[in-house]
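Just so we're aligned, residue 11 is where the sequence shown starts under this note's numbering, counting upward by one.
Glycine included, every Cβ here is placed at the ideal spot set by N, Cα and C.
Keep in mind it's a predicted model, so treat the numbers as computed, not measured.
Let me begin by presenting the structure, written as structure tokens, before commenting on it.
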Amino acid sequence: MTKQKWISAVFCALLALSVLTACRDKTDPNDPRNNYPVSIGEVTIKELPLKVVSLSPLTTEMMKAIGASGHLTAISDACTNPDGTNLPRMGSAMAPQTDEILALAPSLLLTTSQPDTAFAQQLELYHIPVLVFSPAASLEELRSNYETLGMAMGGKLQGLQNGQRAFSILQKGLDGLTQPQNPPKAALVLDGAAVATPDTLAGQLLEQAGAQNAAVGCTGYRMDMAALADAAPDILFCPKGMANTIKTNSLLKETPAVKNNRVFEADTTALEQQGIELLQAVEQMNQAILL
């Protein structure tokens, strides 16, 4: 082949490649080139994370919800293992086992607390991206968390769809709950005597279950037992194992809820972890409200 013919052949090949690149459908979520790299805030994830460490039950349950639990390599001490697994434990968001995490060489670290300076520097040195999730305070924030984690685990198109799909299942279930004709006044008491106020996700889920929130006017889970008693709730929800404590509380025992034996234990853990299991917890509250 002459030099001129060789140059011509190379030119044609490059032209053909450029045409193919220009013609590919950049909206196709099944094309890996359309999904990674993905930027989430200041974090860039270059490819699908195959080894993920989750330092919080919140992020672990969200991984389950979007169908990505198979990518978990290790979890926090407080997490529940995905079905059929026995993953190593790596401490918690506030007290991570830093050396063990670095030894695993994960492709992504999920947490609910910013790593301290020393650990953050080590993660950067090892090129381990970190995503920090705050617990959602509303359904809209929960949607955003699902979509963000979906993009991290599936890319900007396919992953976004996965996150949206997971949230839509949750939203559809909530929208399908039977609502009472006359919503009773109810309160959701959490661990540590905190109360689910209307500005919290748990408080909004109580309303989705069909109740008027007795903590109206309060914020940030702050409502003391005297104020709760004055609100005279018709129904009281509390964590599992706490019903007798509520019934014998000197301030609450005169409320309509206690007098009419309408104190119910709820799966408050599922509500706080904000995974797909929170739907079942809300359904159970809904059933109690409809009694």
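Contact belief for residue i with residue j at Cβ below 8 Å, rounded distance in angstroms
{"i": "residue 147", "j": "residue 211", "result": "6 Å"}
{"i": "residue 86", "j": "residue 102", "result": "5 Å"}
{"i": "residue 256", "j": "residue 273", "result": "5 Å"}
{"i": "residue 187", "j": "residue 213", "result": "About 16 Å separates the two Cβ atoms, so there is no contact after all."}
{"i": "residue 180", "j": "residue 289", "result": "5 Å"}
{"i": "residue 278", "j": "residue 201", "result": "7 Å"}
{"i": "residue 98", "j": "residue 84", "result": "5 Å"}
{"i": "residue 63", "j": "residue 133", "result": "Wrong, their Cβ atoms sit about 11 Å apart, outside the cutoff."}
{"i": "residue 165", "j": "residue 45", "result": "2 Å"}
{"i": "residue 176", "j": "residue 76", "result": "5 Å"}
Any non-hydrogen atom of the ligand NAP closer than 7 Å to residue i Cβ
{"i": "residue 288", "result": "Absence of the ligand NAP is noted for the structure shown, with no ligands found whatsoever."}
Buried versus exposed call for residue i [16 or more other C-beta atoms within 10 Å across all chains shown]
{"i": "residue 270", "result": "exposed"}
{"i": "residue 190", "result": "exposed"}
{"i": "residue 296", "result": "buried"}
{"i": "residue 223", "result": "buried"}
{"i": "residue 116", "result": "buried"}
{"i": "residue 254", "result": "exposed"}
{"i": "residue 49", "result": "exposed"}
{"i": "residue 172", "result": "buried"}
{"i": "residue 96", "result": "exposed"}
{"i": "residue 156", "result": "buried"}
{"i": "residue 261", "result": "exposed"}
{"i": "residue 32", "result": "For residue 32, the predicted structure reports a pLDDT of 48, less than 50, and the residue's modelled location is therefore unreliable. The matter cannot be settled from this model."}
{"i": "residue 131", "result": "exposed"}
{"i": "residue 225", "result": "buried"}
{"i": "residue 152", "result": "buried"}
{"i": "residue 136", "result": "exposed"}
{"i": "residue 59", "result": "buried"}
{"i": "residue 128", "result": "exposed"}
{"i": "residue 249", "result": "buried"}
{"i": "residue 53", "result": "exposed"}
{"i": "residue 246", "result": "buried"}
{"i": "residue 301", "result": "exposed"}
{"i": "residue 169", "result": "buried"}
{"i": "residue 66", "result": "buried"}
Bridge-paired residues (DSSP) for residue i
{"i": "residue 247", "result": "198, 274"}
{"i": "residue 99", "result": "85"}
{"i": "residue 222", "result": "195"}
{"i": "residue 49", "result": "54"}
{"i": "residue 121", "result": "142"}
{"i": "residue 205", "result": "199"}
{"i": "residue 64", "result": "85, 120"}
{"i": "residue 106", "result": "101"}
Exercise for review: Would you check if the region 242-249 and the region 192-205 touch, i.e. whether three or more CB-CB distances between them fall below 8 Å?
Suggested key: Touching, yes, given that three or more Cβ pairs across the two stretches are closer than 8 Å.
Check your understanding: If we count Cβ pairs, one from each stretch, closer than 8 Å, do we get three or more for the region 151-163 versus the region 264-278?
Key -> no
Point to revise | Sufficient close CB pairs (3 or more, under 8 Å) joining the region 123-134 to the region 89-108 | key: yes
Review point. Should the region 135-147 be called in touch with the region 86-95, which here means at least 3 C-beta pairs below 8 Å?
Key: No, because fewer than three Cβ pairs between the region 135-147 and the region 86-95 fall closer than 8 Å, the two stretches do not touch.
Exercise for review: Specify whether the region 229-239 and the region 202-210 touch according to this definition: at least 3 beta carbon pairs, one from each stretch, less than 8 Å apart.
Suggested key: yes
Review point. Would you call the region 281-291 and the region 66-83 touching, i.e. three or more CB-CB distances under 8 Å?
Key: yes
**Study point:** Whole runs of the beta strand (DSSP E) within the region 125-150, excluding any shorter than 3 residues
**Key:** The region 125-150 contains these whole beta strand (DSSP E) runs: 140-142.
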